[in-house]
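A.B. asks:
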Amino acid sequence: MEIPVIGILDGISVICLRKNGGYKFLDSWNGLYGKELAISFDETKPKFFEDAFKALLQKPSFGVYDLMKIMSMSPNNIEIDEKLKFTLTKDSNNPVLLEFDTFEENAKLSTPAFLMAMLIKQHLTAIKMEVGEKPSEIGVCIFDNFNENERIRVEKQLKESCKMLKIECNFVRV
1 MEIPVIGILD GISVICLRKN GGYKFLDSWN GLYGKELAIS FDETKPKFFE
51 DAFKALLQKP SFGVYDLMKI MSMSPNNIEI DEKLKFTLTK DSNNPVLLEF
101 DTFEENAKLS TPAFLMAMLI KQHLTAIKME VGEKPSEIGV CIFDNFNENE
151 RIRVEKQLKE SCKMLKIECN FVRV
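Heads up, the sequence shown is in this note's numbering, so the first residue is 1 and it goes up one at a time.
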């Protein structure tokens with residue numbers, strides 16, 4: 001299997017698969033338009049992408065989004081965005097944690113890398129449905145305009161996310 005590529009820009013992801021000598025956008029992933037990177041925890045089973053955003057309109061503190069932006073921030077200089085309905089915090093083991101409400105009526109803490117792993121797992125499921133097997137390796141192309149330090153922080157956490165899923169992660173620069 002050729003390496004599938006996940007492209008990310010402004011909180012939206014696309015999936016590209018190798019077909020007919022080139023890469024093509026995965027139609028089942030909304031093609032060129034992709035899906036919004038969000039997770040909602042308002043029910044027992046997490047909701048992802050557009051379903052998550054719909055749920056977040058009703059219960060804004062029950063989910064997470066803007067993970068790429070959060071992963072790009074220096075743990076020593078976290079910028080608090082008042083529009084975010086979840087809290088950014090830390091503990092002795094994790095310099096950045098997201099705290100959000102859940103259906104269990106208590107707050108949950110999670111690292112950006114773990115939450116991104118949940119999202120990447122959904123990508124892997126879509127790829128498997130298309131090609132018949134889970135990839136052992138993915139390419140990631142980050143289109144956001146990060147400076148070098150921000151890009152390094154994002155790539156480090158994406159590698160951590162992929163490690164949690166037991167897959168290799170390579171970065172594609174364009």
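We put the beta carbon where it would ideally sit given N, CA and C, even for glycine. Since we're looking at a predicted model, the values are computed, not measured.
Is S61 closer than 8 Å to K85 when the C-beta atoms are compared?
C.D. replies: Against a cut-off of 8 Å, the Cβ pair of S61 and K85 comes out as a contact.
A.B. asks: So for K83, helix, strand or coil by DSSP?
C.D. replies: Note: K83 maps to coil in three-state DSSP.
A.B. asks: Is DSSP giving I142 helix, strand or coil here?
C.D. replies: Note: I142 maps to strand in three-state DSSP.
A.B. asks: Report buried or exposed for A38, applying the criterion of at least 16 other Cβ atoms within 10 angstroms of its Cβ.
C.D. replies: It counts as buried.
A.B. asks: Three-state secondary structure (DSSP) at N30?
C.D. replies: The answer is coil: DSSP assigns N30 none of H, G, I, E or B.
A.B. asks: Distance, Cα to Cα, S13 vs G7?
C.D. replies: Between S13 and G7, the C-alpha separation is close to 5 Å.
A.B. asks: Assuming L98 contacts L115 under a Cβ cut-off of 8 Å, what Cβ separation, rounded to an integer in Å, is found between them?
C.D. replies: Indeed, because the Cβ distance is near 7 Å, the residues count as touching under 8 Å.
A.B. asks: Thinking C-beta only, is E160 closer than 8 Å to A113?
C.D. replies: Yes, the pair counts as a contact, with Cβ atoms nearer than the cut-off.
A.B. asks: For K47, count the other beta carbons within 10 Å of its own beta carbon; 16 or more makes it buried, fewer makes it exposed. Which is it?
C.D. replies: It counts as buried.
A.B. asks: Assuming V172 is part of the alpha helix (DSSP H), what are its boundary residues?
C.D. replies: That residue, V172, is in no alpha helix (DSSP H); it is neither H nor E in DSSP.
A.B. asks: Name the DSSP bridge partner or partners of G7?
C.D. replies: In the DSSP output, where bridge partners are listed per residue, G7 has V14, C141.
A.B. asks: Measure the beta-carbon distance from E155 to F171 and round it to whole angstroms, keeping in mind my assumption that it falls under 8 Å.
C.D. replies: Confirmed, Cβ separation roughly 6 Å.
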